[in-house]
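Participant: Residue numbers (full-length UniProt numbering), protein chains in the order written: chain A, 1 to 291; chain B, 1 to 291.
Note that beta-carbon positions come from the ideal geometry of N, C-alpha and C, so glycine has one too.
Quick caveat: nothing in here was measured; it's all calculated off a predicted structure.
2 protein chains.
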Amino acid sequence: MEKIESIKEFGGWLNRYRHRSQVCDCEMTFSVYLPPLAQTEKVPAVYWLSGLTCTDDNFRVKAGAQRYAAELGLALIIPDTSPRGPEVPDVPERYDLGQGAGFYVNATQPPWSKNYQMYDYVTRELPALVESELPLIPGRRAISGHSMGGHGALICALKELGRYQSVSAFAPICHPMACSWGQGCFKAYLGNNREMWATYDAARLIEDGAAAIPLLIDQGIADEFLAQQLHSTSLERVCAARHFPLTLRWQEGYDHSYHFIATFIGEHLAYHADHLRETRTIETAATNPAR
Amino acid sequence: MEKIESIKEFGGWLNRYRHRSQVCDCEMTFSVYLPPLAQTEKVPAVYWLSGLTCTDDNFRVKAGAQRYAAELGLALIIPDTSPRGPEVPDVPERYDLGQGAGFYVNATQPPWSKNYQMYDYVTRELPALVESELPLIPGRRAISGHSMGGHGALICALKELGRYQSVSAFAPICHPMACSWGQGCFKAYLGNNREMWATYDAARLIEDGAAAIPLLIDQGIADEFLAQQLHSTSLERVCAARHFPLTLRWQEGYDHSYHFIATFIGEHLAYHADHLRETRTIETAATNPAR
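Written out as structure tokens, the structure reads:
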């Protein structure tokens, strides 16, 4: 991987990298914030998955997360939302399909299947790459995201038991099979088999018996997409039915924007730091023969 | 003035307003962040002047200032950087002259003089408007800015003794008469009389006897514009010669971007809060993201 930009922020470094992705079969760009602590020791990483139309740039510029990451000693790993480039299939006139709308699935349908393998990219290829090249504690990962990226964070954590120590989301698409954004992408990327869709649908994964992990979700009540696209209450219902540990915080007056994310990202990163630290303590005890 | 947007952030409200400016003779747009405290009492205001090419949008999206303003009980007043609109003179092919490059002066030369009255707009018309329409403590004002806006903040505070309780700047253009950005705009807006230029030049205003006020400036050592455009050392020299109370902090590794501003904006707002009102005990809040 090649470092193409490095900017000092809060005593750490906000870097941008480019590399050839094997699974997406194209060049991918991502950003990483390394906190000051990473100059002297390896740190845990919080993966951030962005929403429709975003690149790695939106979160690093708008969320104000680097300040908290610096304080908490967390790295931020910020991938793009889809494969990119002139060779990569796209529907330029649509913001909710193709480039910028990878939906964090492994596409099975042509022409998408050649490049749109974002699930494997985010859960496998990218962690392996950054954990080998950067001062990160291998396997010490949390994941979060916004909207389509909130959906991505939820399914990655629900499908990859033990791969992430904690998960949170801002205004996630909780039940993509039931909303037009999700249906449009699932049909294009996965075909017509709705049972295949269900393997990338957070509400269905929980309903179908995904192992319990603590979920933290913030949802603005003034969110313009709440009624039609997000289906937070469907997730709430299946979690209640299965006694799934969901903390869904309804935030009065907040919309779908990065101003909503900026308001609560500090609490989300503190929540992830707690889980990432807990695991560290447990592992230290377990791997210390003197105890 | 008409409220055209309102977004909840950190418990307060980030609003955008449009109004007819008398002094700029056109419609102007500006943003205001009102902290939670403003729902129950009047608050002091920090005016933020942005740099070349910016509108009111850049600072509100990129600086992460609203979080600190909410904690400190400060309003943020964020004007545009020039008059705007199809009727307003511009040089579309230049980023450093015309719309987006008002340089915070009152233009005396045609065709600019009709609309480019940003000095009077920022120091007179805008404060009168917002202090009459919003929950602000009349006359309780601080001013800060970045690059061209840092120049603007410095000259407003130096020329308007008693009108601002404190002033700070990020990578300000300290001696515009001596750099190409300043010379280009001063020549266009003010003509060839360099003594007129000197009345809008921070270094010259101090050299020529401006009354002492505490100045806080942060300057990145990796700033790509430091050598040619900013002339921070000229300001340092005249301040030393006149025993002017300048705190110029050279920040190693930092560039000219909003990531630099985001890193230090909290300290600048705390500095202004000190001068504007009894400082609240925000240290814990500031270092505990969970709050």
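#1: Is B:I7 helix, strand or coil when you go by DSSP?
#2: Consider the Cβ of B:L14: report whether some Cβ of chain A lies at a distance smaller than 8 Å.
#3: Could you name the residues of chain A that B:I7 contacts, counting a contact when the two beta carbons are closer than 7 Å?
#4: Are the stretch 241-252 of chain B and the stretch 177-191 of chain B in contact at 8 Å, needing three or more beta carbon pairs?
#5: Can you grab the Cα-Cα spacing for the pair A:Q165 / A:E267, in whole Å?
#6: Are any of the Cβ atoms in chain A nearer than 8 Å to that of B:R249?
#7: Exposed or buried, what is B:I4 when buried is set at 16 or more other beta-carbons lying within 10 Å of its beta-carbon?
#8: Please return the same chain residues whose Cβ sits closer than 7 Å to the Cβ of A:K114, not counting the five positions on each side in sequence.
#9: Taking the alpha-carbon positions, what's the A:Y116 to B:T29 distance?
#10: What are the residues of the stretch 39-69 of chain A that lie near chain B, defined by any Cβ-Cβ distance shorter than 8 Å?
#11: Report all residues from its chain with a CB closer than 8 Å to the CB of B:L52; omit the five preceding and five following residues, and keep chain order.
#12: Under the rule that 16 or more other beta-carbon atoms within 10 Å means buried, what is B:A128, buried or exposed?
#13: Check each candidate in A:A69, A:R204, A:G253 and A:H151 and name the one with the smallest Cα separation from A:I217.
#14: Measuring CB to CB, does B:D255 end up less than 8 Å from B:E236?
#15: Under 6 Å Cβ to Cβ from A:T247, same chain only, skipping five residues before and after it: list those, please.
#16: Quick check: what's the CA-CA separation for B:L134 versus A:E252?
#17: Just list the residues that DSSP pairs A:G184 with in beta bridges.
#18: Just list the beta strand (DSSP E) runs in the stretch 206-231 of chain B, keeping only unbroken ones of 3 residues or longer that don't cross its boundaries, in chain order.
#19: To the nearest angstrom, how far is the alpha carbon of B:A227 from that of B:A203?
#20: Might you give, ordered along the chain, the residues of its own chain that have their beta carbon closer than 7 Å to the beta carbon of A:E125, omitting 5 neighbours on each side?
#21: So which residues on chain B does A:A262 lean against when the C-beta distance must stay under 8 Å?
#22: Rounded to whole angstroms, what is the Cα-Cα separation between B:H19 and A:E131?
#23: Does B:P44 come out as helix, strand or coil in the three-state DSSP assignment?
#24: Are the CB atoms of A:V122 and A:A75 nearer to each other than 8 Å?
#25: Just to confirm before moving on: does the CB-CB distance between B:G73 and B:V46 stay below 8 Å?
#26: By Cβ distance, which residues of its chain are closer than 7 Å to B:A290, with the 5 residues on each side in sequence left out?
#27: Return the CA-CA distance between B:S232 and B:L154, expressed in angstroms with no decimal places.
#28: What does the Cβ neighbour count give for B:V91, buried or exposed, with the cut at 16 atoms within 10 Å?
#29: Smallest Cα separation from B:Q66: which of B:L37, B:P172, B:G85 and B:Y17?
#30: In the DSSP assignment, find the alpha helix (DSSP H) that holds A:N58 and state where it starts and stops.
#31: CB A:I7 to CB A:W48, shorter than 8 Å?
#32: Applying the criterion that 16 or more other CB atoms from any shown protein chain within 10 Å of the CB defines a buried residue, is B:N106 buried or exposed?
#33: Would you say A:L215 lies against chain B (beta-carbon separation less than 8 Å)?
#34: So, A:G162 versus A:S50, is the Cβ gap smaller than 8 Å?
#35: What does the Cβ neighbour count give for B:P35, buried or exposed, with the cut at 16 atoms within 10 Å?
#36: Would you mind sorting B:G98 into buried or exposed? The rule is 16 or more other CB atoms within 10 Å of its CB.
Facilitator: Per the coordinate set shown:
#1: strand
#2: yes
#3: D255, S257 and H259
#4: no
#5: 16 Å
#6: no
#7: exposed
#8: D25
#9: 42 Å
#10: V61, K62, G64, Q66, R67 and Y68
#11: T81, Y95, D96, G100, A101, S147, M148 and W181
#12: exposed
#13: A:H151
#14: no
#15: L216
#16: 23 Å
#17: According to DSSP, which records beta bridges pairwise, A:G184 is partnered with nothing at all.
#18: 215-220
#19: 16 Å
#20: S21, Q22 and V23
#21: E9, F10, G64, Q66 and R67
#22: 52 Å
#23: strand
#24: no
#25: no
#26: Confidence at B:A290 is low in this model, with a pLDDT of 40, below 50, so the placement of that residue should be treated as unreliable; the coordinate-derived value is given next. Excluding positions up to five away in sequence, the list is empty.
#27: 12 Å
#28: exposed
#29: B:L37
#30: D57 to K62
#31: no
#32: buried
#33: no
#34: no
#35: buried
#36: buried
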